[in-house]
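K.L.:
Counting from 14, one number per residue, gives the positions in the sequence shown under our numbering. Beta carbons are placed, not taken as given, at the ideal position from N, Cα and C, and that holds for glycine. Small disclaimer: the values here were computed from a predicted structure and weren't measured.
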Amino acid sequence: MNQNRFFTVAITVIFLLSIVGCMKTEQSNNNKIQVYSSIYPLQFFAERIGSHQVNVHTIVPPGVEPHDFELTIKNITNLNEADILLYNGGGLEPWLEKNLRSLKDDVRVVNTSESITDYTDLNDPHVWLNPLFAKQQAAAIKDAFIVRDPAHKSLYIENFEKLSKELDQLDQEYQLMTEKASQKSFLVSHDAFGHLADRYQLKQIPISGLSPSDEPSPQALKSIMEQSRNEKVKVIYFETLVNGKFAEVVQKELGLSALVLNPLEGLTDSEISNGDDYFTIMRKNKAQLAQGLGVKP
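1) Quick check on the DSSP output: the beta strand (DSSP E) that includes Lys2 runs from which residue to which?
2) Can you give me the C-alpha to C-alpha distance between Pro163 and Gln66, rounded to a whole angstrom?
3) Please name the residue in Leu234, Lys166, Leu105 and Ser128 whose C-alpha comes closest to that of Glu261.
4) Among Val48, Asn44, Val308 and Ala303, which has the Cα closest to the Cα of Ile154?
5) For Lys148, is the classification buried or exposed, using 16 other Cβ atoms within 10 angstroms of its Cβ as the cut-off for buried?
6) If we ignore side chains and look at the alpha-carbon of each, how far apart do Leu92 and Ser270 end up?
7) Just how far apart, CA to CA, sit Leu183 and Leu145?
8) In the DSSP assignment, find the beta strand (DSSP E) that holds Ile97 and state where it starts and stops.
9) What span of residues does the beta strand (DSSP E) with Phe251 cover, start to end?
10) Can you check which of these residues, Leu98, Phe259 and Ala300, is closest to Ala194 by C-alpha distance?
11) Short check: CB of Ser115 to CB of Ile89, under 8 Å?
12) Using the C-alpha atoms, what's the distance from Ala157 back to Leu355?
13) Quick one: what does DSSP say Ser230 is sitting in, helix, strand or coil?
14) Put Phe199 into one of helix, strand or coil per three-state DSSP.
15) For Leu277, which option in Met295, Ala152, Leu209 and Thr71 has the closest C-alpha, if you only look at C-alpha atoms?
16) Three or more beta-carbon pairs under 8 Å between the stretch 281-289 and the stretch 215-223, yes or no?
17) Just confirm the distance between the C-beta atoms of Asn143 and His208, as a whole number of angstroms; I'd bet it's less than 8 Å.
18) Given this structure, state the Cα-to-Cα distance separating His139 from Ile170, to the nearest angstrom.
19) Short check: CB of Val273 to CB of Phe251, under 8 Å?
20) Give the straight-line distance between the Cα atoms of Leu267 and Gly305, rounded to the nearest whole angstrom.
21) Closest to Val69 by C-alpha separation, out of Gly76, Asp181 and Pro54, would be which residue?
22) Can you tell which of Lys197, Met238, Thr130 and Gln185 has the C-alpha that lies nearest to the C-alpha of Lys265?
23) Check whether the Cβ atoms of Ser51 and Leu84 lie closer than 8 Å to each other.
24) So, at 7 Å on beta carbons, what are the nonlocal neighbours of Lys216 in its own chain, with the 5 sequence-adjacent residues on each side left out?
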């Protein structure tokens, strides 16, 4: 075999192998459940429960605040390729809910907060910050996977039970921390931590409303500062994805220390690079809260 013919045969073999590899990859992906989630926490729960049997895509990109997000035509086209669409509900995603009718009938749509029990504040969508509510959201995801793919029911149940135990452990850690707190009130830039506060008998003092774009009136701002003084708040909590201009006014006026409390609506590119996930952020939040609540190390 001359040299030219050898190279021709070699290139042909490589080309054919690459085609076979692509076909296997495509076939593998086709066998997986195609899942779209509206926000990061649902992505995390879906990936933990579905493992290698799911492909999970999140609609809201990293670093983007989900309250004011808007779907594009491309987003809607992608959603119509989904087997399952997971969304939080509770008014967090009006941009998604108004477009649900445009989806194909075979896209299974799951409102993950719909079946939460003991849901005291129906106006607050930030349910995933209460680990027990997060567990109920995860259960809804597990059930949807089983309906779509009953052949792997045991895998989904096993993975859900592991995740459930981790959420129970996280809940216990928060309970132990807050039981030691000398201060029970905390001041935040955005009304996102009500469910967390209710779970651990704390009081949230929010500056902005349920959406960070809900700006306080001058009278409301005055009342917030007066309440913070009366309750001897020493720390104000900012967020990573929102502009905290009103929080900065309050901080300066009251001479407060500043810390970060993450509502976990999404991860930043930096957090993704650092390998952060739902549990690492929730534990960072616990450590930050401990400082503001006067919990001694």
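P.N.:
Result, derived from the coordinates:
1) Outside the shown range of the chain (14 to 310) lies residue 2, about which nothing can therefore be said.
2) Each residue's alpha carbon lies about 12 Å from the other.
3) Leu234
4) When only C-alpha atoms are compared, the closest one is Val48.
5) buried
6) 43 Å
7) The straight-line gap from Cα to Cα measures roughly 9 Å.
8) Ile97 to Tyr100
9) Secondary structure note for Phe251: its beta strand (DSSP E) is the uninterrupted segment Val248 to Phe251.
10) Ala300
11) yes
12) The displayed coordinates of the chain run from 14 to 310. Any statement about residue 355 would go beyond what the structure contains.
13) coil
14) strand
15) Met295
16) no
17) Yes, they are in contact, since the Cβ atoms of Asn143 and His208 sit about 4 Å apart, within 8 Å.
18) 25 Å
19) yes
20) So the alpha carbons of these two residues sit roughly 15 Å apart.
21) Pro54
22) Met238
23) The Cβ atoms of Ser51 and Leu84 lie no closer than 8 Å to each other.
24) Lys197, Ser198 and Ala210
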